[in-house]
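J.: Chains as they are written, first to last, in my numbering: chain A, 616 to 943; chain B, 124 to 299.
Where is the CB? At the ideal position from N, CA and C, for every residue including glycine.
Since the structure is predicted, the reported quantities are computational estimates derived from the model, not experimental observations.
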Amino acid sequence: MTPASTTPGVAAPPETTTLRGKDLLGIADLSPAEISLVLDTAEAMKEIASRPIKKVPALRGKTVVNLFFEPSTRTRTSFEIAEKRLSADTLNLAIASSSVAKGETLADTALTLEAMRPDMIVLRHSSSGAGHLLSRICRSAIINAGDGMHEHPTQALLDAFTIRERKGRIAGLKVAIVGDLLHSRVLRSNLHLLTKLGAEAWICGPPTLIPPDVARFGVRATSRVEEAVDGADVIMLLRIQLERMQGAYFPSLREYFNVFGMTRARVRLAKPDAIVMHPGPMNRGVEIASEVADGPDSVILEQVANGVAVRMAVLYLLAGGAEHEEAA
Amino acid sequence: MDADRIGRALTRIAHEIVERNKSVDGLAFVGIRTRGDHLARRLAAAVNGITGGNVPRGALDITLYRDDLMRTAVGPQPLVRRTDIPFSIDDRAILLVDDVLYTGRTIRAALDALIDFGRPRSIQLVVLVDRGHRELPIKADYVGKNIPTSAAESVQVRVQESDGCDEVVLQQESAR
């Protein structure tokens, strides 16, 4: 095969073929071209799930540590399947069985793992910025799988992948995000991504749950759910995170559902072909009615399937790049 | 090679394929992305034109099977494109199509990738240009043109679909 030569004019080459950083800590660090690269690569990765042998040798001999300091089923499983489909060796470190329970700090845990020479660490931690700490002290590529209330970049990427697959584009779409905005790292990553790719994002929730700093994203905030979903192309729901709520943000779950819960009547206010998304796990009867979660507009299970493809893309793109910074 | 000679080479290969495979039932083209895919499309059309059959066609991206993946410490990861084989390859005679046969490493990767999709009855290799310098024991069944080259040269195949014109040119590898 000849080296990839391209003549201008016909098939436009992608703007970039590489991620600049050694890590994926947040969408904030990515350029629109890098986001498109991840989504394009994920499109190729998605096909692998339909093969009889769902495995390619790309990451053979690479070791990936899944370091999860917070309970997670779908993100951890999704990463693990993605790693295995790329033939990486995976190691799952669950918090309960590790020496953190014996008082070890995050940095010491990471350095101990580093000494065993993994190639990548997938990190989930309850403290915002945990990935940045590891990024500074580790040679391995760090993938942020959710840090506190900061970012959850692979979730935003799989949301964008799902929107792009369904709508053909992201720019110009009205995306209404309804739910627990204050505690949501998914929201933060999605706002970075949607604004970078030119979507019109609306956020909606009780005034007590609207983060004070959203103005910097230039998004529209409202506490009237009807206004948020009116004419929307995408309705994205966020889980009410009771485990992170220490104050009284709203009177009761029932009242929340009455005012903000996504019912079929409210979905009808959006465009006829609007899609309904939820990063999971869902609280049925709180942020979403069962008739909507299981309804024809719901793409919630597609999001799960796409999550594997997007994580394969991120793993693949970062796997070759650990030496980038020294070389550049 | 200009567009006319490329066209004639493909027509001749199509006839050879029909001649060597007694029936086109059970045949299928798989082109290696990206230029092998375009050549496979034309060959399939030519074979269908000769026989009136309808030979299926798929596209294979071998990036994730490359033997130099993760070995080059510097530089970007090669771009992954979508593999699209919309039929079962089990018990089919696969015609694997690429533009240039050189070291044979791409074909090795393609064979590994294909085997992950099933168990074909046979795999035959079709290339537009064989430029020599094999590093693996791989040989083409159908060759458009043998072009003796030195390792310092590069063979550029351009096809209408991705490059805007049909031509094969021999270039001195520019010192980078």
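1) Determine the chain D residues that contact G641 (chain A) at a beta-carbon separation under 8 Å, and present them in chain order.
2) How long is the line joining the alpha carbons of A814 (chain A) and L788 (chain A), rounded to whole angstroms?
3) Would you say G761 (chain A) faces chain B, with C-beta separation under 8 Å as the test?
4) Interface residues of chain A around Y188 (chain B) at Cβ under 9 Å?
5) For chain A, find out if any of its Cβ atoms is closer than 8 Å to the Cβ of R299 (chain B); answer yes or no.
6) Would you list the residues sitting across from T837 (chain A) in a DSSP beta bridge?
7) Would you give the residue range spanned by the alpha helix (DSSP H) that V925 (chain A) belongs to?
8) Classify H740 (chain A) as helix, strand or coil using the three-state DSSP reduction.
9) Taking C-beta pairs closer than 9 Å, name the residues in chain A that T206 (chain B) reaches, listed in chain order.
10) Please confirm if the region 915-925 of chain A is in contact with the region 130-149 of chain B, defined as three or more CB-CB distances below 8 Å between the two stretches.
11) Is M660 (chain A) helix, strand or coil when you go by DSSP?
12) Measuring CB to CB, does G761 (chain A) end up less than 8 Å from R700 (chain A)?
13) Quick one: using the 10 Å Cβ neighbour count with 16 as the cut-off for buried, is T705 (chain A) buried or exposed?
14) Taking buried to mean at least 16 other C-beta atoms within 10 Å of its own C-beta, is A709 (chain A) buried or exposed?
15) Under 8 Å, Cβ to Cβ, is there at least one residue of chain B near G794 (chain A)?
16) How big is the Cα-Cα spacing for V671 (chain A) and R189 (chain B)?
17) Can you pull the chain A neighbours of G241 (chain B), defined as C-beta to C-beta under 7 Å?
18) For T174 (chain B), which residues of its own chain have a beta-carbon under 7 Å away from its beta-carbon, when the five flanking residues on both sides are left out?
19) Got a sec: which bits of the region 145-173 of chain B sit with their beta carbon under 8 Å from any beta carbon on chain A, in order along the chain?
20) Between the beta-carbon of I270 (chain B) and the beta-carbon of V252 (chain B), is there less than 8 Å?
21) If you drop the 5 nearest sequence neighbours on each side, which residues of the same chain put their C-beta closer than 7 Å to that of R156 (chain B)?
22) Using a C-beta to C-beta distance shorter than 7 Å, which residues of chain A count as neighbours of L192 (chain B)?
23) Who are the neighbours of P199 (chain B) on chain A, taking C-beta pairs under 9 Å?
24) What is the residue span of the alpha helix (DSSP H) that D774 (chain A) lies within?
25) Residues in its own chain within less than 8 Å of R779 (chain A) by CB, not counting five upstream and five downstream?
26) Could you check whether the Cβ of T656 (chain A) sits closer than 8 Å to any Cβ belonging to chain B?
27) According to DSSP, what are the bridge partners of Q856 (chain A)?
28) According to the Cβ coordinates, are L932 (chain A) and Q247 (chain B) closer than 8 Å?
29) Going by alpha carbons, who is nearest to I668 (chain A) out of B:D125, B:G241 and B:L218?
30) So that I know if they touch, is there some Cβ in chain A lying closer than 8 Å to that of D354 (chain B)?
31) Taking just the CA atoms, how far does P887 (chain A) sit from E842 (chain A)?
32) Of the choices A:E766, A:L797 and A:A816, whose alpha-carbon is the least far from that of P822 (chain A)?
33) Starting from the C-beta of A274 (chain B), find all residues in its chain whose C-beta is less than 8 Å away, skip the five residues before and the five after it, and write them out in chain order.
34) Just reading off the beta strand (DSSP E) that S277 (chain B) is part of, what are its end residues?
35) Run through the region 864-906 of chain A for me and flag every whole beta strand (DSSP E) of 3 or more residues, listed as ranges in chain order.
36) Interface residues of chain A around D184 (chain B) at Cβ under 8 Å?
T.: For this structure:
1) In the structure shown, chain D cannot be found, because the protein chains are A and B.
2) Taking the first residue of the first sequence as position 1, residue 814 (chain A) is located at position 199. Taking the first residue of the first sequence as position 1, residue 788 (chain A) is located at position 173. A814 (chain A) and L788 (chain A) have their C-alpha atoms some 5 Å from each other.
3) What you label residue 761 (chain A) is simply residue 146 of the first sequence in a count that begins at 1. Closer than 8 Å: no.
4) The residue given as residue 188 (chain B) occupies position 65 in the second sequence. Taking the beta carbon of Y188 (chain B) as reference, the chain A residues within 9 Å of it are V671, P672 and A673, listed in sequence order.
5) Within the second sequence, the letter at position 176 stands for residue 299 (chain B). Caution applies to R299 (chain B), whose pLDDT of 46 falls short of 50 and renders its modelled position unreliable; the value that the coordinates give is listed next. Output row for R299 (chain B): interface = no.
6) As a first step, residue 837 (chain A) must be located in the first sequence, where it is residue number 222. BP columns for T837 (chain A) point to A:C819.
7) Position 310 of the first sequence, counted from the first residue, corresponds to residue 925 (chain A). According to the DSSP assignment, V925 (chain A) belongs to the alpha helix (DSSP H) that extends over I915 to A934.
8) Taking the first sequence and counting its residues from 1, one reaches residue 740 (chain A) at position 125. Strand at H740 (chain A).
9) Stepping through the second sequence from its first residue, residue 206 (chain B) is reached at position 83. What T206 (chain B) touches in chain A: A659, E662, I663 and R666.
10) Contact between the region 915-925 of chain A and the region 130-149 of chain B is not established, with fewer than three Cβ pairs separated by less than 8 Å.
11) Against the first sequence, residue 660 (chain A) aligns to sequence position 45. Looking at M660 (chain A) - three-state DSSP - the assignment turns out to be helix.
12) Translated into the one-based positions of the first sequence, residue 761 (chain A) becomes position 146. Translated into the one-based positions of the first sequence, residue 700 (chain A) becomes position 85. No, they are not a contact pair.
13) Locating residue 705 (chain A) in the first sequence gives position 90, where the first residue counts as 1. Under this definition T705 (chain A) is a buried residue.
14) Position 94 of the first sequence, counted from the start, is the residue given in the question as residue 709 (chain A). Classification of A709 (chain A): exposed, given that the 10 Å Cβ count is below 16.
15) If you number the first sequence from 1, residue 794 (chain A) lands on position 179. It does not: the Cβ of G794 (chain A) has no partner Cβ on chain B nearer than 8 Å.
16) For this step, residue 671 (chain A) is matched to residue 56 along the first sequence. For this step, residue 189 (chain B) is matched to residue 66 along the second sequence. Here the alpha carbons of R189 (chain B) and V671 (chain A) stand approximately 10 Å from one another.
17) Within the second sequence, numbered from 1, the residue matching residue 241 (chain B) stands at position 118. Simply P667.
18) The residue given as residue 174 (chain B) occupies position 51 in the second sequence. V141 and V147.
19) If the cut-off is 8 Å between Cβ atoms, the region 145-173 of chain B has I155, T157, R158 and G159 near chain A.
20) Here residue 270 (chain B) corresponds to residue number 147 of the second sequence, with the count starting at 1. Here residue 252 (chain B) corresponds to residue number 129 of the second sequence, with the count starting at 1. Going by C-beta atoms, I270 (chain B) is nearer than 8 Å to V252 (chain B).
21) Working through the second sequence from its first residue, we reach residue 156 (chain B) at position 33. These residues qualify, in order along the chain: A182, L183, D184 and R204.
22) Taking the first residue of the second sequence as 1, we reach residue 192 (chain B) at position 69. Those within 7 Å of L192 (chain B) in chain A are A673.
23) By 1-based counting over the second sequence, the position of residue 199 (chain B) is 76. Going along chain A in sequence order, the residues near P199 (chain B) (Cβ under 9 Å) are T631, T632, T633, L634, L932, G935, G936 and H939.
24) Indexing the first sequence from 1 puts residue 774 (chain A) at position 159. P768 to K782 is the span of the alpha helix (DSSP H), which, as asked, contains D774 (chain A).
25) Residue mapping note: residue 779 (chain A) aligns to position 164 of the first sequence, counting from 1. Shown here for R779 (chain A): same chain residues with a beta carbon closer than 8 Å to its own, the five before and five after excluded, namely L654 and I785 in chain order.
26) Residue 656 (chain A) sits at position 41 when you count from the first residue of the first sequence. At least one chain B Cβ lies under 8 Å of T656 (chain A).
27) On the first sequence, position 241 is the one that residue 856 (chain A) refers to. None, per the DSSP bridge assignment.
28) Against the first sequence, residue 932 (chain A) aligns to sequence position 317. Against the second sequence, residue 247 (chain B) aligns to sequence position 124. Taking 8 Å as the cut-off, the Cβ atoms of L932 (chain A) and Q247 (chain B) do not count as close.
29) Here residue 668 (chain A) refers to the residue found at position 53 when the first sequence is read from its first residue. Nearest of B:D125, B:G241 and B:L218 to I668 (chain A), Cα basis: B:G241.
30) Shown here, chain B extends from 124 to 299; a query on residue 354 (chain B) therefore has no answer.
31) Walking along the first sequence from the start, residue 842 (chain A) turns up at place 227. Walking along the first sequence from the start, residue 887 (chain A) turns up at place 272. E842 (chain A) and P887 (chain A): Cα-Cα distance of roughly 16 Å.
32) Position 207 of the first sequence, counted from the start, is the residue given in the question as residue 822 (chain A). Out of A:E766, A:L797 and A:A816, A:L797 has the C-alpha closest to the C-alpha of P822 (chain A).
33) The residue you call residue 274 (chain B) lines up with position 151 of the second sequence. Cβ neighbours of A274 (chain B) beyond the five flanking positions: H256.
34) On the second sequence, position 154 is the one that residue 277 (chain B) refers to. Run containing S277 (chain B): E276 to R281, per the beta strand (DSSP E) assignment.
35) If we require 3 residues or more, the beta strand (DSSP E) runs fully inside the region 864-906 of chain A come out as 890-892.
36) If you number the second sequence from 1, residue 184 (chain B) lands on position 61. Ordered by position in chain A, the residues that pass the 8 Å Cβ test against D184 (chain B) are A659.
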